[in-house]
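This report concerns only the one structure given below.
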Amino acid sequence: MPNASIALQILPTVKNTRDSWKIIDKVIAFIKKSGVNFEVGPMETTMEGDLDKLLQIVNAAQKLAIEHGSSGVFSNVKIIYNPKGIASMKKKVTKHREK
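For the sequence shown, this note's numbering gives the first residue as 129, with consecutive numbering after it.
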């Protein structure tokens, strides 16, 4: 059972939207490679797992955006944490996605 869920929105400081999307795609690929459970949404990517690992991913995502051409990064981060465990993303959204 995960003990944390983090929603991350990365907003790279770049000259045009296409460059921004390229950087965001790199960050999402990094999250995927990390092995944590995640879901990409239109405005943010939500991850679940161990709080410390998720915070390491958030930290690395900032640096990755800079490495790929962003002069700075604005990030919106939302965190749910309970050391005893949290409800999974799947549990939270399944009833809303059933047809």
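Just so you know, even glycine gets a beta-carbon here, dropped at the ideal spot from N, CA and C.
Check whether the Cβ atoms of residue i and residue j lie closer than 9 angstroms to each other.
{"i": "Ala193", "j": "Pro140", "result": "yes"}
{"i": "Asn131", "j": "Asn210", "result": "yes"}
{"i": "Ile151", "j": "Gly200", "result": "no"}
{"i": "Ser133", "j": "Met217", "result": "yes"}
Counting along the chain, where does the alpha helix (DSSP H) carrying residue i start and finish?
{"i": "Lys181", "result": "179 to 195"}
Thinking residue i and residue j are a contact (beta carbons under 8 angstroms), I'd like their distance in whole angstroms, please.
{"i": "Asn165", "j": "Glu176", "result": "5 angstroms"}
{"i": "Lys206", "j": "Ala135", "result": "4 angstroms"}
Could you spell out the range, first to last residue, of the beta strand (DSSP E) harbouring residue i?
{"i": "Ser81", "result": "Any question about residue 81 goes unanswered here, given that the chain covers just 129 to 227."}
{"i": "Ala135", "result": "132 to 140"}
{"i": "Val168", "result": "165 to 168"}
Closest by CA to residue i, which one among the options?
{"i": "Phe202", "options": "Met129, Val142, Arg225, Ser133", "result": "Val142"}
{"i": "Ile185", "options": "Ala157, Lys223, Thr145", "result": "Ala157"}
{"i": "Gln190", "options": "Lys181, Gly213, Ile208, Val155", "result": "Val155"}
{"i": "Lys181", "options": "Glu195, Ile159, Val168, Pro170", "result": "Ile159"}
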